Amino acid sequence: MRTSSNQWGFLSQSIIMSQYAVLSVGAKSWRCLPCLRTELRLDLTLSCGQSFRWRETGDGHWTGVMGGRVWTLTQTEDTLWYYTYSMQDSEGKVKGRKRSAEARPDGPVKRTRGMITVKEEPAEDQEPKAKTTEHDHKEEELLKDYFQLNVNLADLYKQWGTADTHFKSIAKAFTGVRMLRQDPTECLFSFICTSNNHISRIQGMLDGTPYHDFPTLQVLADSSVESCLRNLGFGYRARFLQQSARQIMDTHDLDWLDSLRSVPYLQAQEALRSLPGVGLKVADCVCLMSLDKAQAVPVDTHVWQIAQRDYRCTVGKGLKSLTDKVYRDIGNFFRELWGPYAGWAQSVLFCSDLKKFQDLKAMAVKKEEVTEVNITNKKNKKT
DNA sequence: GGCCGACCTGA
DNA sequence: CAGGTCGGC
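Per the working numbering, residue 331 is the first one in the first sequence, and the count goes up by one each step.
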């Protein structure tokens, strides 16, 4: 399977053509938002398996597609910087507005690795300032919505830490792990691909360059899609993808998936489970990561292991794989522990359990041991 | 209702 | 075997 090229690309319109006018922009214009690193850590949040299409394209610079635009994001201790690229169609015409020539004197230096080139646009294509402001406002709102910045993460961490000492010790090194609010269609079809699969292969299937919009329901529902995706290495999941798209098109309105945002958690979960390739785990991922169900706790083998190892949770002990009942019991166990945002808390521990972050976790554990030693010493001194 | 094997693929 | 799900006992 090719992992270097865009696996979905042939199903959707490229936003950026790789051979010419790549990331076509005018004068660079970074904009920013006040945002503490304790509220958002781009590196943790964008690479912990919620979304598979963000890439670190430069040191601390993350590039991906969201809301029909290509974004590059980076951050300092208290500021989130963002940069969007004009969208073009396949004929190379710029569809979005051209960028204004306003530049940040002290903005972060944009660095890219290889694949991305920048073409300058003539400055005369600037649009009136009023429209620019309106447009800028819309992009700021897109970003706030995607990262759910209205949710105060520091407060949640405090609550979870009070209820759960293990969380508290881990959380010190993993602040700012935040739930994204993704597009439901992209989220659903991405997570159908995760079953019985590894992360590296999932990324190979879903990530790619050049940057592109996620394929639409109509495209995915086409009968030719299964064989196409099989040829690209999607395996038996190819059929699930095509069939799920077909079923949604045949039995629901086009906005059915989006409309699940406004129905109760268990109802949304049940609705999703009617789709081929969607069991409890995938349904919970979609509920949590795109349908505003903060209490959904996706229980995979990692989370099950965390429950047993770090919480002495005996639910389902001895079983080789999760039954639906055990799955629900473990979810309830965590919901009772963490409360209505249990799914958000779960993602922090899930993140801390990833192999690539073990060095970070080791630091937290080390601090914890030191703390324990100090407490013990104090006790010893007292007695 | 719960248990078990099959399912694509490649690190 | 891997961040499951499905279909058959």
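Glycine included, each C-beta is placed from N, C-alpha and C at the ideal position.
Being a predicted model, the structure only gives us computed values, none of them experimental.
Spatial neighbours of residue 486 in its own chain (CB-CB distance under 6 Å, excluding positions within 5 residues in sequence) are listed in chain order as 671.
The three-state secondary structure of residue 363, taken from DSSP, is strand. Annotation for residue 395: the continuous beta strand (DSSP E) segment containing it runs 391-396. Boundaries for residue 645: no alpha helix (DSSP H) harbours it, and the DSSP string shows neither H nor E there. Within 10 angstroms of the beta-carbon of residue 463 lie fewer than 16 other beta-carbons, which makes it exposed.
Annotation for residue 363: 410 place their beta carbon closer than 6 Å to its own, counting only its chain and skipping 5 residues before and after. Per DSSP, the continuous alpha helix (DSSP H) segment holding residue 376 begins and ends at 372-376. For residue 508, there is no enclosing alpha helix (DSSP H), as DSSP marks it with neither H nor E. Within the model, the alpha-carbon separation for residue 545 versus residue 382 is close to 14 Å. Close CB contacts of residue 395 within its chain, under the 8 Å cut and outside five residues either way in sequence, are with 345, 383, 401, 541, 542, 543 and 544 (chain order). Closest option to residue 690, judged by alpha-carbon separation, among 657, 367 and 374: 374.
Taking C-beta atoms as the reference points, residue 399 and residue 393 fail to come closer than 7 Å.
In the DSSP assignment, residue 369 falls outside any alpha helix (DSSP H) and carries neither an H nor an E. The continuous stretches of alpha helix (DSSP H) do not include residue 565, and DSSP gives it neither H nor E. Around the beta-carbon of residue 692, fewer than 16 other beta-carbon atoms lie within 10 Å, marking it exposed.
Under the three-state reduction of DSSP output, residue 476 falls in the helix class. Assigned with DSSP and collapsed to three states, residue 388 falls in strand. Of the other Cβ atoms in all chains shown, fewer than 16 fall within 10 Å of the Cβ of residue 528; this residue is therefore exposed. Residue range 495-501 is occupied by the alpha helix (DSSP H) that includes residue 495. DSSP, reduced to helix, strand and coil, places residue 633 within a helical segment of the structure shown. Membership of residue 403 in the beta strand (DSSP E) is indicated by the continuous run 399-405. For residue 657, the uninterrupted alpha helix (DSSP H) run begins and ends at 654-668, by DSSP.
Taking a 10 Å sphere around the C-beta of residue 514, we find 16 or more other C-beta atoms and assign the residue as buried. In the three-state reduction of the DSSP assignment, residue 671 falls in the coil class. Judged by DSSP in its simplified three-state form, residue 411 adopts strand. Counting along the chain, residue 530 sits inside the alpha helix (DSSP H) bounded by residues 529-536. Bounds of the alpha helix (DSSP H) holding residue 587 are 586-589.
By the beta-carbon neighbour count (other beta carbons within 10 angstroms, threshold 16), residue 567 is buried.
Take residue 613, set aside five residues on each side of it, and the residues of its chain with a beta-carbon closer than 6 Å to its own are 599, 602 and 603, in chain order. Under DSSP, residue 467 forms no beta bridge with any residue.
Residue 578 holds the alpha-carbon nearest to the alpha-carbon of residue 606 among 630, 578, 565 and 651.
Here residue 664 really is in contact with residue 627; their C-beta atoms are around 5 Å apart, less than 8 Å. The beta carbons of residue 562 and residue 337 sit closer together than 7 Å.
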